[in-house]
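Colleague: Structure provided below as structure tokens; questions to follow.
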Amino acid sequence: MNTITVVGSINQDTTLYVQAMPKPGETIRINKMVVSGGGKGANQAIAAQRLGAKTAFIGAVGADHAGEGMLALLRKESIDVAGVAVLAQETTGQAFISVDAHGENSIMINAGANTKFDAAHVRKYRHAIKNSDFVIVEFESPVADSVAAFEIAHKAGVKTILNPAPALKEIPTELLALTDLIVPNETETEILTGIKVTDEKSMTQAAAKLISFGVGTVVITLGSRGVYYHVGNQSGLIPALKVKAVDTTAAGDTFIGAVASVLRPNFANITEALTYGNRASALTVQKLGAQNAIPFKRDLD
Numbered sequence: 001m002n003t004i005t006v007v008g009s010i011n012q013d014t015t016l017y018v019q020a021m022p023k024p025g026e027t028i029r030i031n032k033m034v035v036s037g038g039g040k041g042a043n044q045a046i047a048a049q050r051l052g053a054k055t056a057f058i059g060a061v062g063a064d065h066a067g068e069g070m071l072a073l074l075r076k077e078s079i080d081v082a083g084v085a086v087l088a089q090e091t092t093g094q095a096f097i098s099v100d101a102h103g104e105n106s107i108m109i110n111a112g113a114n115t116k117f118d119a120a121h122v123r124k125y126r127h128a129i130k131n132s133d134f135v136i137v138e139f140e141s142p143v144a145d146s147v148a149a150f151e152i153a154h155k156a157g158v159k160t161i162l163n164p165a166p167a168l169k170e171i172p173t174e175l176l177a178l179t180d181l182i183v184p185n186e187t188e189t190e191i192l193t194g195i196k197v198t199d200e201k202s203m204t205q206a207a208a209k210l211i212s213f214g215v216g217t218v219v220i221t222l223g224s225r226g227v228y229y230h231v232g233n234q235s236g237l238i239p240a241l242k243v244k245a246v247d248t249t250a251a252g253d254t255f256i257g258a259v260a261s262v263l264r265p266n267f268a269n270i271t272e273a274l275t276y277g278n279r280a281s282a283l284t285v286q287k288l289g290a291q292n293a294i295p296f297k298r299d300l301d
């Protein structure tokens, strides 16, 4: 069993299911509205926990009803939330998600408390990071927090996973140098490298550029096409499973949590771990919502 610490975001999601995304100035009807738990960090933590890892979380919520609800959801999953601060003067993060009839989504985020905890708070829970096999960060919380987490991990010999989402045009070089595994999607890869991902040649070029920044291993998620990976002298494309997607929300988060739950710290089983991640995300996209769509280990077994 891997032990994982996630440093990141906790959101309350409001998901609106529509036939098609509205055009500028257009008013449309909503077919269904669902309020649920979300946030990239929380989604990844829940995926890792459900798929067999022992997971701790470092982050923040507001002192409000939404925060109480989101913490209750994490506790229900048996995730260690000792590192989640409750901030009296802040609101819990909120995400507003539109999903069309093809399962594609668009997301707007009000960060709230997710951007109000700092590196000192992360360092306060350094014991959780030091006792982990992997630490995962993304960019829905401050970059300085991610740097602090990776510095602690690096000194302790803990492997680091960076999900650079939402994408930043410039990532601090010190963070990239501390990144053992980076997992961007096609859009994020293009923003980071300036290389449009269209085929395996462009994937190889983009991976080489990311490695030149100091990153150890690159995995590019390609949606329905699968994932491309580059580790050491090994690279390749692992196809996705063919399923009917009804909602792609949290598919990438499920993939990262699933991979982290089974990946060996020396990356010796990376192709098997990526295949496992593909299987997990294929189940997620066949259900509506974010956290309620994330599968359990028994589902994959």
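All the letters of the sequence shown, read from the start, carry residue numbers 1 to 301 under full-length UniProt numbering. Idealized CB from N, CA, C, for every residue including glycine. Only a predicted model underlies this, so the values are computations on that prediction, with no experimental measurement involved.
#1: Okay, do the region 175 to 188 and the region 207 to 218 touch, 3+ Cβ pairs below 8 Å being the bar?
#2: Quick one: what's got a C-beta closer than 7 Å to F139's C-beta in the same chain, skipping five residues either side?
#3: Can you tell me which residues form a DSSP beta bridge with T14?
#4: Residues in its own chain within less than 7 Å of I191 by CB, not counting five upstream and five downstream?
#5: Looking only at C-alpha atoms, which of Q44, S235, V243 sits nearest to R225?
#6: If we require 3 or more residues per run, which beta strand (DSSP E) segments fall completely within the region 199 to 257?
#7: Does the region 271 to 284 come within contact of the region 20 to 37, defined as at least 3 CB pairs closer than 8 Å?
#8: Counting Cβ pairs, one atom from each stretch, are 3 or more of them under 8 Å apart for the region 242 to 261 and the region 41 to 52?
#9: Under the assumption that V231 contacts V135 (Cβ atoms under 8 Å), give the Cβ distance between them as a whole number of angstroms.
#10: Closest by CA to K76, which one among A85, G59, T55?
#11: Does the region 118 to 129 come into contact with the region 89 to 104, if we say contact requires no fewer than three beta-carbon pairs (one atom in each stretch) closer than 8 Å?
#12: Spatial neighbours of R123 within its chain, please: C-beta separation below 8 Å, excluding the five flanking residues on both sides.
#13: Mapping the DSSP letters down to three states, classify S106 as helix, strand or coil.
#14: Out of D145, V183, T198, I220, point me to the one whose CA is closest to P172's CA.
#15: What does the alpha-carbon distance come out to for the pair D299 and G52?
#16: What's the C-alpha gap between A206 and G157?
#17: Quick one: is N269 buried, meaning 16 or more other Cβ sit within 10 Å of its Cβ, or exposed?
#18: Just to confirm, are G62 and G112 a CB contact at a threshold of 8 Å?
#19: Look at N11 and A120 and say whether their C-beta atoms are less than 8 Å apart.
Modeller: Looking at the coordinates:
#1: yes
#2: Hits under 7 Å: P164, A165, P166, L168.
#3: V35, F96
#4: A167, K169
#5: Comparing Cα-Cα distances from R225 to each of Q44, S235, V243, the minimum goes to V243.
#6: 217 to 221, 227 to 231, 234 to 238
#7: no
#8: yes
#9: Contact between V231 and V135 fails: their C-beta atoms lie close to 18 Å from each other, not under 8 Å.
#10: T55
#11: Taking one beta carbon from each stretch, the region 118 to 129 and the region 89 to 104 have fewer than 3 pairs nearer than 8 Å; the two do not touch.
#12: Sequence-distant Cβ neighbours of R123 in its own chain, meaning closer than 8 Å and more than five residues away, are A148, I152.
#13: strand
#14: It is D145.
#15: 12 Å
#16: Cα to Cα, the separation comes out at about 27 Å.
#17: exposed
#18: yes
#19: No, the Cβ-Cβ distance between N11 and A120 is not below 8 Å.
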